[in-house]
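K.L.:
Just so you know, the sequence shown maps onto residues 528 to 624 in the working numbering. Using N, Cα and C, we set each Cβ at its ideal position, and we do this for glycine too.
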Amino acid sequence: MTEASLLLYIIKLVLGGIVAFLAILLWSKTRDAAWMSLVSGAVIQYAGIVYSMLIDFGVVFTTDLHLAGIPVTTLLFTIVPQLLFILAFALMIKRNS
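1. Could you tell me which residues DSSP puts in a beta bridge with Leu-594?
2. What are the uninterrupted segments assigned as alpha helix (DSSP H) that are 4 or more residues long and contained completely in the region 559-620, given in chain order?
3. Quick test of the definition: if touching needs 3 or more C-beta pairs under 8 Å, does the region 533-549 touch the region 587-605?
4. Are Val-570 and Ile-551 close, meaning C-beta to C-beta below 8 Å?
5. Taking just the CA atoms, how far does Ser-624 sit from Phe-604?
6. Ends of the alpha helix (DSSP H) at Ser-624?
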């Protein structure tokens with residue numbers, strides 16, 4: 528692992544940690560479905576960053592279950608936050624129209 532990729536992981540972990548922490552604080556203040564989806568997406572996205580880092584460092588190994596050549600866990604950590612963001616924004620648009 529190069530110094531540049533290590534620095535990038537540190538930046539992702541620090542900034543992602545701040546986002547996840549603030550999202551959890553917001554979670555306790557609201558019960559709106561749109562905001563809950565946004566918060567859940569942010570927290571799962573941070574979990575995906577941590578999972579990806581653990582795989583790259585060799586602490587965790589991917590499963591043998593693949594879909595189109597991509598490990599299912601990696602695919603889920605990529606798709607689920609985006610789906611939650613889409614849901615959150617759609618709910619906000621519906622609420623405001």
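P.N.:
With the given structure in hand:
1. Translated into the one-based positions of the sequence shown, residue 594 becomes position 67. In the DSSP assignment, the residues bridged to Leu-594 are Ile-597.
2. Annotation: the region 559-620 contains the following complete segments of the alpha helix (DSSP H) (minimum length 4 residues), in chain order: 560-584.
3. No: fewer than three Cβ pairs fall under 8 Å.
4. The residue given as residue 570 occupies position 43 in the sequence shown. The residue given as residue 551 occupies position 24 in the sequence shown. Their beta carbons are under 8 Å apart, which means Val-570 touches Ile-551 by this criterion.
5. For the purposes of this step, residue 604 is taken as residue 77 along the sequence shown, with counting starting at 1. For the purposes of this step, residue 624 is taken as residue 97 along the sequence shown, with counting starting at 1. If you take the alpha carbons of Phe-604 and Ser-624, they lie about 31 Å apart.
6. Position 97 of the sequence shown, counted from the first residue, corresponds to residue 624. In the DSSP assignment, Ser-624 falls outside any alpha helix (DSSP H), carrying neither H nor E.
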